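Here our numbering = 1-based position in the sequence shown + 685. Where a beta carbon is used, it is the ideal one built from N, C-alpha and C, also for glycine. All of these numbers come straight from a predicted model, not from anything done at the bench.
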Amino acid sequence: MRLRNVTGSREVIAESPFVVHEPALQKGKWHEIFGNERPIHIEIGMGKGRFLMDLAAANPDMNYIGIEKYSTVLLRAVQKMEEQALPNVRFIRMDAEEICEVFGREEVGRIYLNFSDPWPKDRHARRRLPSRQFLARYQEILARGGTIEFKTDNMDLFDFAVAEVEPAGWRIEAMTRDLHHDEKMMQGNIMTEYEEKFSSMGNPIYKYIICQAAKTGCCSDRAQGCTE
Ligand code: SAM
């Protein structure tokens, strides 16, 4: 998703109080930004922010950070926050490749990946957000008991993501190849912009929840203060 020619998006973002402008300075002390010790959950590749903001509105006792690479896209989320500010949400404009420079060891309670870019060429596999290269980064920042929740309508990307789980040292906690007809996994589901678009076209939505194989007590066991 890349919205072109949005005049002044960088300037609006540079002045926005909802965006953390030098995120590496917050490494290891993100709780100071929120003024509380509640768990921090992040969405990588947030797009226009609908999912993250609906999730944050439904869970005011949790903290949320949305990460988006492009200012033209992030601008939409900032504009939504200007209409309805949520105290438990912040945004970062960055490439997720730098995630370990921005979050400290085990600082994040959960990571959401929604409709990540598929990067269909084999030589670009390492750019896919559920790739083993990214899973190694997530391993550093994710707390004991933390999980990754990944949704997509792209079967090839999902098959790739599932195949990456075990070799990267993770294990599947839950999985479905038709989320919208899976009563259990659908409980509390919050739609993303892409999810609404593709499910309305009749595409099945794939989802997994994974946790680190070496660590016990995944979020689905309600460790980590998970209330969602
Ligand atoms: N998650 C939203 C949804 O489900 O509606 C948007 C999905 S869109 C296909 C993928 C988004 O991820 C785009 O906005 C893109 O800019 C962002 N993205 C892709 N790679 C990224 C990266 N390495 N770091 C941060 N954002 C990234």
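The Cβ atoms of Val787 and Gly751 do not sit closer than 8 Å to each other. Here the alpha carbon of Met876 sits roughly 14 Å from the alpha carbon of His866. Residues of the same chain with a CB within less than 8 Å of the CB of Ala810, apart from the 5 flanking positions on each side, are Trp804, Ser816, Phe845 in chain order. Taking non-hydrogen atoms of the ligand SAM into account, the C-beta of Glu834 is found less than 7 Å away from none of them. In this structure, Ile784 keeps its C-beta atom at 8 Å or more from the C-beta atom of Ile833. Distance from the Cα of Arg822 is smallest, within the candidate group Trp855, Thr837, Glu768, Met738, for Trp855.
Residue range 774–778 is occupied by the beta strand (DSSP E) that includes Val774. Shortest Cα-Cα distance from Gln872 to any of Thr861, Tyr879, Glu878 involves Thr861. The stretch 758–768 and the stretch 727–738 touch, with no fewer than 3 CB-CB distances between them shorter than 8 Å. Shortest gap from the CB of Asn888 to any heavy atom of the ligand SAM: 7 Å or more. Between the ligand SAM and the CB of Ala781, the shortest heavy atom gap is smaller than 7 Å. Val793 sits close to Ile725, with the two beta carbons spaced by under 8 Å. Contact check for Ile796 and Asp838: beta-carbon distance about 19 Å, past the 8 Å limit, so the pair fails to qualify. Within the same chain, and ignoring the five residues on either side of Leu814 in sequence, the residues whose Cβ sits closer than 7 Å to its Cβ are Ile729, Gly730, Ala781, Leu798, Ser801. Distances from the alpha-carbon of Glu700 to those of Ala741, Ala828, Phe776 put Phe776 closest.
Taking C-beta separations shorter than 8 Å and ignoring five residues to either side along the sequence, the partners of Ala828 in its chain run Pro724, Glu791, Glu792, Val793, Gly794, Gln909, following chain order.
If the five residues before and after Leu864 are omitted, its C-beta is found closer than 8 Å to the C-beta atoms of Lys836, Met870, Met871, Asn874, Pro889, Ile890, Tyr891, Lys892, all from its own chain and listed in chain order. Residue state for Ala859 is assigned as strand, using DSSP reduced to three classes.
The beta carbons of Glu768 and Ala762 sit no closer together than 8 Å. For the beta strand (DSSP E) assignment, the uninterrupted runs of no fewer than 3 residues enclosed by the stretch 781–818 are, from N- to C-terminal side, 793–799.
Considering only Pro745, Met779, Lys765, Glu696, the residue with the shortest C-alpha distance to Pro772 is Pro745. Straight across, the Cα-Cα distance linking Glu868 with Ser884 is about 16 Å. Close CB contacts of Tyr879 within its chain, under the 6 Å cut and outside five residues either way in sequence, are with Phe800 (chain order). Taking 7 Å as the cut-off, the C-beta of Tyr755 counts as close to a heavy atom of the ligand SAM.
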